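Here the protein sequences come in this chain order: Z and A. Read left to right, the first sequence gives residues 1 to 314 (our numbering). Read left to right, the second sequence gives residues 315 to 628 (our numbering). For each residue, glycine too, the CB sits at the ideal point set by N, CA and C. These figures come from a predicted structure and were not determined experimentally. Structure, as structure tokens:
2 protein chains.
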Amino acid sequence: MNRKCIGIDIGGTTVKIGVFTAEGELLHKWEVPTRKEEGGKNILPDVAQSIKEKLKAFGIPAEEVLGAGMGVPGPVMPDGSVEVCVNLGWKNKNPQEELSRLLGGMPVFSGNDANVAALGEMWQGGGKGYRDIVMVTLGTGVGGGVIIDEKILAGRHGLAGEIGHIHVRSEEKEYCNCGGRGCLEQVASATGIAREARRAMEAKKVPTAMEKFGSRISAKNVLDCAKEGDQLALEVMDTVGHYLGLALSQIALTVDPEVFVIGGGVSRAGQFLIDVIQKHYDDFVTISANKPGLTLATLGNDAGIYGAARLALS
Amino acid sequence: MNRKCIGIDIGGTTVKIGVFTAEGELLHKWEVPTRKEEGGKNILPDVAQSIKEKLKAFGIPAEEVLGAGMGVPGPVMPDGSVEVCVNLGWKNKNPQEELSRLLGGMPVFSGNDANVAALGEMWQGGGKGYRDIVMVTLGTGVGGGVIIDEKILAGRHGLAGEIGHIHVRSEEKEYCNCGGRGCLEQVASATGIAREARRAMEAKKVPTAMEKFGSRISAKNVLDCAKEGDQLALEVMDTVGHYLGLALSQIALTVDPEVFVIGGGVSRAGQFLIDVIQKHYDDFVTISANKPGLTLATLGNDAGIYGAARLALS
């Protein structure tokens, strides 16, 4: 039998859905809009309806589908219940039970979306072939996911992998969304990198290729300038690499995965970014040369559906 | 049947051995000297001989013993092999296979001693009733152990729980044994606390009760003075608490255990020490009030034999 599994990644704007073989091949992928009105009560019915239609259209019989997994943008309790999910309007519900009912009893599993994406990268992405990885997602914010023995480590209070809020910078004056100051996210997210560049341009009155972008400079602009050898942009990225290397060293000495997988929009800078981090990471892990390596994520925005599908195989 | 298990904690001076019920009651405990000469070749035969004699003397039949566990002062590979164990003179051997053979085929399990002690505290100590704990041992150095789902997380390179070498203090000028600078161990170990006090006495020419100890001041002296309200000693402990709170916050946002268990000689200061750490820890974990708590270890030097015995039940 050709066993299949379904991966669902619920975002604030669209829900991504994929049908996979049990071996991890993505067969079909599509999206449905996320209808957030009325407490997001239509989201799961829309998803279920869409899955039923597509399976029929693709000629996939229900008995070939082992189950579905779902990444949810918020904390998910071990029983699958969600207390509050701000981006979707959900409150006190159990989306995995509800979706299973809507899909005629199909087994449905769920997890926090950052953790699920990490599982996806372990299964078929930058962490393929490894059983223990820590994924670091450098996007608008900084997210993370810890995978131990091919399973998500969610933590007892849902805080495992919340590495964007690891405190790294004691001299930071501005507050982070979490209420703290000096979080990794404040310096290593796309937003943080851009802010760091603005600060550097204000503080140092030296010529820099970054100037032409002014206050609207993006992380990509900074990285492009740095790659072209712009001195101030290189200094900014050195600061970013310093704090990322520091946080990864702390994580290495706590869970010691086989590899760190670096993803998110900022990671499109590729090996250049890895090199920027590696130098500082090596400086901070002096106890042993035999330590977790750094590698790039490869699944991009599909990591969520891959990981969700992998959940259904657990 | 009264099922028993044996816990062995191999130290550089003595080997501690305990016989436990499978429910975790310590029935008998004794020590044998660690004979390190000739590459430590007598250590395991001595242990085996002693166990056989004692079991006979206590009237415990071999069939009641489920197995033995062993804590080893160095990195232990997943198959139980040890590349090098400086304190014992061991090189390239598999102590758990050897001891099993010496004990007539009794199942023997092994692990790094700090990790094994953490397992002991989870089983019958400060972490009793929890499945996920991180233990922090504040002794001559700072050690640690991460227990997830009642199992040791050793890490893929043996670095998990090496929290004494988490970098926390960027302004540190002296080097740590690991070759780094600013490790947690440099400020939060007994040695580190005493050094911090000497530095404080040198830097500030204010009267302090610590003065009478001079350069031979110990961590216990510092803690005693702080408890009595000495201002400079309180400042020293506030610095120590700051860096411990910082490291624990980083660990909380990585693995999020149910509880941190604080042990080692320094933890004899009791709730006073917990309070010193808690204040800073709370400041560094602002993302959620629902987070791992802090508690004291309760097994003292017996944590190793408890954890080793628990290994035999895995």
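Beta-carbon within less than 7 Å of W344/A's beta-carbon, same chain only, minus the 5 sequence neighbours each way: which residues are those?
Residues of the same chain with a CB within less than 7 Å of the CB of W344/A, apart from the 5 flanking positions on each side, are I331 and K368 in chain order.
By Cβ distance, which residues of its chain are closer than 6 Å to N87/Z, with the 5 residues on each side in sequence left out?
Within its own chain, the residues whose Cβ lies closer than 6 Å to the Cβ of N87/Z, once the five positions on either side in sequence are excluded, are G12 and P73, listed in chain order.
Counting only beta-carbon separations shorter than 7 Å, does K593/A have a partner in chain Z?
Nearest CB-CB separation between K593/A and chain Z: not below the 7 Å threshold.
Determine the closest residue to G443/A out of P571/A, T600/A, A603/A and G618/A, with distance taken between C-alpha atoms.
That would be P571/A, whose Cα lies nearest to the Cα of G443/A.
Does DSSP put A540/A in a helix, a strand or coil?
A540/A: helix per DSSP, three-state reduction.
Three-state secondary structure (DSSP) at P107/Z?
In the structure shown, the three-state DSSP call for P107/Z is coil.
So, is the C-beta of D323/A closer than 7 Å to a C-beta in chain Z?
Closer than 7 Å: no.
From the beta carbon of H28/Z, is the nearest beta carbon of chain A less than 7 Å away?
Not an interface residue.
Kindly list, in the order they appear in chain Z, the residues whose Cβ is closer than 7 Å to that of E476/A.
Here the neighbours are L253 and I287.
Taking buried to mean at least 16 other C-beta atoms within 10 Å of its own C-beta, is E435/A buried or exposed?
With 16 or more Cβ atoms within 10 Å of its Cβ, E435/A is classed as buried.
Compute the Euclidean distance between the alpha carbons of I287/Z and A247/Z, then round it to the nearest angstrom.
I287/Z and A247/Z: Cα-Cα distance of roughly 16 Å.
A540/A versus V569/A, E525/A and S529/A, residue with shortest Cα-Cα distance:
The residue from V569/A, E525/A and S529/A with its alpha-carbon nearest to that of A540/A is E525/A.
Can you pull the chain Z neighbours of F598/A, defined as C-beta to C-beta under 8 Å?
In chain order: H167 and G180.
Through-space distance from K405/A to E411/A, alpha-carbon basis
Rounded to the nearest angstrom, the gap between the Cα atoms of E411/A and K405/A is 14 Å.
Between the stretch 236-250 of chain Z and the stretch 270-282 of chain Z, can you find at least three pairs of beta-carbon atoms closer than 8 Å?
Verdict: yes, contact present.
Just how far apart, CA to CA, sit G105/Z and N2/Z?
C-alpha of G105/Z to C-alpha of N2/Z: approximately 20 Å in a straight line.
Helix, strand or coil at T191/Z [DSSP, three-state]:
Helix.
Which residue comes first and which comes last in the alpha helix (DSSP H) that contains D596/A?
Looking at the DSSP string, the run of the alpha helix (DSSP H) that includes D596/A is Q585 to F598.
Within chain D, the residues that G155/Z reaches when beta carbons sit closer than 7 Å
In summary, chain D is missing from the structure at hand, where the protein chains are Z and A.
Could you spell out where the beta strand (DSSP E) holding H342/A opens and where it closes?
Residues L340 to P347.
Would S215/Z pass as a contact of A194/Z if the rule is Cβ separation under 7 Å?
The Cβ-Cβ distance between S215/Z and A194/Z does not fall below 7 Å.
Would you call the stretch 534-551 of chain A and the stretch 599-619 of chain A touching, i.e. three or more CB-CB distances under 8 Å?
Because the criterion of three Cβ pairs below 8 Å is not met, the stretch 534-551 of chain A and the stretch 599-619 of chain A do not touch.
Which listed residue (P95/Z, W123/Z, A188/Z and E174/Z) has its alpha carbon closest to that of E139/Z
As written in the sequence, residue 139/Z is Gly, which differs from the Glu given in the question. Check the Cα spacing between G139/Z and each of P95/Z, W123/Z, A188/Z and E174/Z: the tightest is with A188/Z.
When the cut-off is 7 Å and only beta carbons count, does N290/Z lie next to chain A?
N290/Z counts as touching chain A.
What residue range is occupied by the uninterrupted alpha helix (DSSP H) comprising T553/A?
Where T553/A is concerned, the enclosing alpha helix (DSSP H) starts and stops at Q545 to A566.
For D360/A: DSSP bridge partner residues
None, per the DSSP bridge assignment.
Just to confirm the assignment, what range does the beta strand (DSSP E) spanning G321/A have?
For G321/A, the uninterrupted beta strand (DSSP E) segment begins and ends at K318 to I324.
What are the start and end residues of the alpha helix (DSSP H) that includes K97/Z?
Sequence check: residue 97/Z is Glu here, not Lys. First-last of the alpha helix (DSSP H) with E97/Z: P95 to L102.
So if DSSP puts G457/A in a beta bridge, which residue, or which two residues, is it bridged to?
Partner(s): T451/A.
Using 8 Å as the threshold, is the stretch 107-115 of chain Z in touch with the stretch 145-164 of chain Z, meaning 3 or more CB pairs across them?
Three or more beta-carbon pairs separated by less than 8 Å link the stretch 107-115 of chain Z to the stretch 145-164 of chain Z, which places the two stretches in contact.
Can the beta-carbon of V255/Z be found closer than 7 Å to that of A297/Z?
No, Cβ-Cβ distance for V255/Z and A297/Z is not below 7 Å.
Beta carbon proximity, F500/A to chain Z, threshold 7 Å:
Before going on, a small fix: residue 500/A reads as Gln here, not Phe. No, Q500/A does not count as interfacial toward chain Z.
Figure out for me which residue from I43/Z, P207/Z and A200/Z has the closest Cα to the Cα of D238/Z.
Ranking the options by Cα distance to D238/Z, first place goes to A200/Z.
With a threshold of 7 Å between beta carbons, is Q564/A in contact with chain Z?
Yes, its Cβ sits closer than 7 Å to a Cβ of chain Z.
Report the residues of the stretch 121-148 of chain Z with a CB closer than 9 Å to any CB of chain A, ordered along the chain.
Listed by position along the chain: Y130, R131, D132, V134, G144, V146 and I148.
Decide if L27/Z is buried, meaning its Cβ has at least 16 other Cβ atoms within 10 Å, or exposed.
Exposed, by the Cβ-count rule.
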